[in-house]
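Report on the following structure.
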Amino acid sequence: MENKVKVVIGDRLGKGQNVAKGVEAAGGIAIVIPGVGADMKLGDVMHKENADFGISFCGSGGAGAVTANTKYKYPMEFGLRSVDAGVTAINAGKKVIGFGFMDIEELGRRLTEAYIKKNKG
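Numbering (the numbering used here), first residue to last: 11 to 131.
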């Protein structure tokens, strides 16, 4: 269980369940922060859970990522609007990635696969 990639998902609107399905489909462990404003708790939950990386969703595509970076100094990329941009951020070593609203399974799956390939493969 500890060898699995652990991904925390924080969505401003309390969503993220589809991204979590993708993380799990790729063999990772998904932790979805419940409730509205969950993106602002991303860094705290990542720190507590010792997560491999975190995904933040909000309208601007970055508030939760910026907050996690400011508090915990996690390398971040934010304002992203595509799955490919997220994969590029993972490959560049980012630990916190901020998107506009994109609760899609492909996002969770591809980011987790990219993380595994880069760090575990």
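Ideal Cβ positions, reconstructed from N, Cα and C, are used throughout, including at glycine.
Per DSSP, what kind of secondary structure is residue 118 in: helix, strand or coil?
Taking the sequence shown and counting its residues from 1, the one referred to as residue 118 is at position 108. Helix at residue 118.
By Cβ distance below 7 Å, which residues in the same chain neighbour residue 125 in space, the five residues on each side in sequence not counted?
The sequence position of residue 125 within the sequence shown is 115, counting from 1. Excluding sequence neighbours, residue 125 sits near 15, 62, 63, 100.
Mapping DSSP to helix, strand and coil, what is residue 23?
Counting from one through the sequence shown, the residue named residue 23 turns up at place 13. Reduced to three states, the DSSP call for residue 23 is coil.
Here's the rule I'm using: 16 or more other beta-carbon atoms within 10 Å means buried, otherwise exposed. How should residue 91 be labelled?
For the purposes of this step, residue 91 is identified with residue 81 of the sequence shown, where counting begins at 1. With fewer than 16 other beta carbons inside 10 angstroms of its own, residue 91 counts as exposed.
Is it buried or exposed, residue 32, if we count other Cβ atoms within 10 angstroms and call 16 or more buried?
Indexing the sequence shown from 1 puts residue 32 at position 22. So residue 32 ends up on the buried side.
Since residue 106 and residue 52 are thought to touch, with beta carbons under 8 Å apart, how far apart are those beta carbons, to the nearest angstrom?
What you label residue 106 is simply residue 96 of the sequence shown in a count that begins at 1. What you label residue 52 is simply residue 42 of the sequence shown in a count that begins at 1. Correct: roughly 7 Å between the Cβ atoms.
Cα-Cα, which of 20, 13, 28 is closest to residue 116?
The count along the sequence shown starts at 1 and reaches residue 116 at position 106. Taking only the C-alpha atoms, the option nearest residue 116 is 28.
Have a look at 110, 39, 122, 129 and flag the residue whose alpha-carbon is nearest the alpha-carbon of residue 75.
One-based indexing of the sequence shown puts residue 75 at position 65. Nearest option by C-alpha distance: 110.
Find the nearest neighbour of residue 89 within the set 72, 79, 83, judged by alpha-carbon distance.
What you label residue 89 is simply residue 79 of the sequence shown in a count that begins at 1. Checking every option, the nearest Cα to that of residue 89 belongs to 72.
Could you compute how far the alpha carbon of residue 38 sits from the alpha carbon of residue 55?
Residue 38 sits at position 28 when you count from the first residue of the sequence shown. Residue 55 sits at position 45 when you count from the first residue of the sequence shown. Approximately 16 Å between the Cα atoms of the pair.
Count the other C-beta atoms from every protein chain shown that fall within 10 angstroms of the C-beta of residue 113, then say buried if there are 16 or more, exposed otherwise.
Start at 1 with the first residue of the sequence shown, and residue 113 comes out as number 103. Per the 10 Å Cβ criterion, buried.
Tell me the DSSP bridge mates of residue 90?
Counting from 1 along the sequence shown, the entry for residue 90 is found at position 80. Answer is 109.
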